[in-house]
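Heads up: the structure comes next, in structure tokens.
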Amino acid sequence: MKYFFFLMLGMLCLSASVNAQNGPFGVWKSIDDKTGEAKSHVEVYQKNGKLYGKIVKILTDKPEAKCDDCKGSKKGQPVMGMVIIEGLQESEGAWKNGTILDPQNGNVYGCSVWVESEKPNELKVRGKHWTGIYRTQTWFRVK
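Residue numbers -1 to 141, in our numbering, belong to the letters of the sequence shown in order.
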């Protein structure tokens, strides 16, 4: 009986580990889809049931960059530590209906993110303009 209990406990822990790896949470390396250049590390986390993403490391030659083109409270603020993904809600295997900020130009877009089960170390990040035009980037899990 003890053996069975520990076997089941081990399986449960392994299952939880696999599910955690397949989710969007953790630190991701953002890649500029136009240049192929690694830009930053973004920590994706959950707060009050919604998904957020914050820049935790800048990989370019401008680590002290500020968001001069941002609007509102983010204008002129350091890009390092800035929350760029906000308020996504889980829906149908993805996180949707939030926003993503491009700190290079200050533009805010609709956002959705998801991890495909066959590629658990890739995060698809889609920014969508109000016109319906969208761009999807692939970010890579930082180990």
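From the three backbone atoms N, C-alpha and C, an ideal C-beta is built for every residue, glycine too.
This structure is a prediction, so every number in the text was calculated from the model and none was measured.
- 114 is the residue among 114, 55 and 33 whose C-alpha sits nearest the C-alpha of residue 91.
- In the same chain as residue 112, and ignoring 5 residues on each side of it, the C-beta atoms closer than 8 Å to its own belong to 22, 91, 92, 93, 121 and 122, in chain order.
- Inclusion of residue 96 and residue 85 in the CB contact set at 8 Å is warranted, their separation being smaller than that value.
- Shortest Cα-Cα distance from residue 139 to any of 61, 119, 48 and 80 involves 119.
- Beta-bridge annotation (DSSP): residue 120 is paired with 138.
- For the stretch 77 to 102, the continuous beta strand (DSSP E) assignments of 3+ residues that do not extend past its boundaries occur at 81 to 89 and 92 to 100, in sequence order.
- Residue 24: member of the beta strand (DSSP E) spanning 24 to 29, first to last residue.
- In its chain, beyond the 5 residues on either side, 39 and 41 have a beta carbon closer than 6 Å to the beta carbon of residue 54.
- Taking C-alpha positions only, residue 25 is separated from residue 129 by approximately 30 Å.
- Taking a contact as a CB-CB distance under 8 Å, the pair residue 48 and residue 87 counts as one, their CB atoms being some 6 Å apart.
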